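Protein chains: 2
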Amino acid sequence: MAPRLVKNGHSFYVPVMPKVTEEHRAARRAQIVAAARRCVIEQGFHKTTMAEVIRESGLSAGAVYGYFKSKEQIVEAIAEEALSTVDELFGKLLASEEPLSPLAALEAALNHVVSIAERPGGDVTRVAIQAWSEALRNPAIMTIAQGKYAQVRGRFEDVARRGQADGTVDPSVDPRHIAQALFGIVPGFLLQRLIMGDVAPGTYTAGLRALLRS
Amino acid sequence: MAPRLVKNGHSFYVPVMPKVTEEHRAARRAQIVAAARRCVIEQGFHKTTMAEVIRESGLSAGAVYGYFKSKEQIVEAIAEEALSTVDELFGKLLASEEPLSPLAALEAALNHVVSIAERPGGDVTRVAIQAWSEALRNPAIMTIAQGKYAQVRGRFEDVARRGQADGTVDPSVDPRHIAQALFGIVPGFLLQRLIMGDVAPGTYTAGLRALLRS
DNA sequence: CTCAATAAAGAACGGTCATTCGGTTTTTCG
DNA sequence: CGAAAAACCGAATGACCGTTCTTTATTGAG
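For the record, the sequence lines run as chains V and E. 1 is the number of the first residue of the first sequence in this note's numbering; add one for each residue after it. 1001 is the number of the first residue of the second sequence in this note's numbering; add one for each residue after it.
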């Protein structure tokens, strides 16, 4: 519902804004996204039909299409949401504990994955996996994924640099490569959690630590 | 085309086998799978239409449906193929080099990922990511994924046990957890390779090794 | 070579689904 | 309160797509 140009009493064309409050529109939008998220978690992006999203949202087709131009836009909104959740952690994490070892940051990240997976509103990590898949053929989602994950890797890079300054991490290795390795552990954990269902942050990092001695 | 029971000249019902050789049928099947794989790599499971697979295979609708009962069966065949490729490596790897450290096995696995990604016939790792996504809502693919990945993890577990026997790996840690951690590094590498496009096995494992000192 | 049965072909069908659009309700503002 | 515009509704639409089915070609046996 883009503002349209209409003639006012002074014979000027002015933009006409929505009649409802911006909060109302935001709430409706969130309502649609939440409904769509539930559908996507159960059925995936492609098997989810607009009819289901519409029913689940409690709105009508016309209303939903007043907020999103197409199904693809809803999918993008959900994908972005899912791809953003990993980074949430770092705001709190990096601010608080001053001496933060890379492995401690990683364990915090894995714990964060579990906590967002168990959040009410549905396991968003399921959406993340679908977003990876979708990114391969949807340039918009690919761009979102690249941006979000570059950001997370930047966070890990900071942690690596800090470790090198502390002397706890080999300073001769490019911190970007350390960040790649650190970040890359998260998808493997997340995937095994959903497919195999037998991993836990504590034992996972323990297994990792045992390796470092080889 | 299952063999049917027909009455022969001796009044017995016997199975009637296809008129063409079994090799011919296998070749045709492979032809269809290869065509479908190309389509799926470009467009994904869901955006790939049977019309495209049919055109790409050079066959007709009737012919294709003589080899696969449905699109879903083709998808399953491709997913299984993609989920199997990671394990290919271990047959050669575990047989040859006797002293095999876990990190060496991992680096070999990452190199293997790159080599299968560059194989002619298309980057199968793209299909693997889609298979993960699909497994979340398709029980058949979920079962395949669980089986294949349990197998790969079993291989890594053997390697971990060997390392513990050698004294190069902490023997107090459950080798299953070490296997989880080792295996879990592969998806993260594969994902970053496709999404970020800036990882390489050598520097990746170097980044990992730098961590182990913290 | 002839016959019978399989294999392949491809046009047609039926169902599904995203989206639209004309009508109705609700909201805001003078 | 009354008018005008936005917000909402939901049945209708038209494109797309997996699958089938009838017809034709090919194969191998006798």
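All residues carry an ideal CB built from backbone N, CA and C; glycine is no exception. Computed from a prediction, not measured in an experiment: that's the story for all the values here.
Look at E:S1133: its C-beta is under 9 Å from a C-beta on chain V.
For V:R153, same chain residues with a beta-carbon under 6 Å away, outside a window of 5 residues either side, are A179 and F183 in chain order. For V:V40, the uninterrupted alpha helix (DSSP H) segment begins and ends at E22 to K47. With a threshold of 16 other beta carbon atoms within 10 Å, V:V20 falls short and is exposed. Listed in chain order, the alpha helix (DSSP H) elements of length 4 or more contained wholly in the segment 1164-1193 of chain E amount to none. Taking 9 Å as the upper bound on Cβ-Cβ separation, chain V lies near residues I1041, E1042, Q1043, G1044, F1045, H1046 and K1047 of the segment 1025-1052 of chain E.
Only those residues of the segment 1179-1190 of chain E whose C-beta falls short of 9 Å from the nearest C-beta of chain V are listed: A1179, Q1180, A1181, L1182, F1183, G1184, I1185, V1186, P1187, G1188, F1189 and L1190.
Using a CB distance below 7 Å, the part of the segment 1154-1165 of chain E facing chain V consists of G1163, ordered along the chain. The segment 1133-1148 of chain E makes no contact with the segment 1160-1177 of chain E: fewer than 3 CB pairs, one atom from each, lie closer than 8 Å. The residue among E:L1089, E:V1199 and E:I1144 with its C-alpha nearest the C-alpha of V:I195 is E:I1144. Inter-residue distance for V:F189 and E:A1027 is about 38 Å (C-alpha atoms, whole angstroms). In the three-state reduction of the DSSP assignment, V:K148 falls in the helix class, which pools H, G and I.
Less than 9 Å divides the Cβ of V:G122 from the Cβ of V:I41. Contact of V:I74 with chain E is not assigned, every C-beta pair being separated by 9 Å or more.
Per the C-alpha coordinates, the member of E:L1208, E:S1172 and E:Q1130 positioned closest to E:T1048 is E:Q1130.
With contacts defined by Cβ atoms closer than 9 Å, V:A61 and V:V33 do not form a contacting pair. The C-alpha of V:R38 is placed about 11 Å away from the C-alpha of V:Q31.
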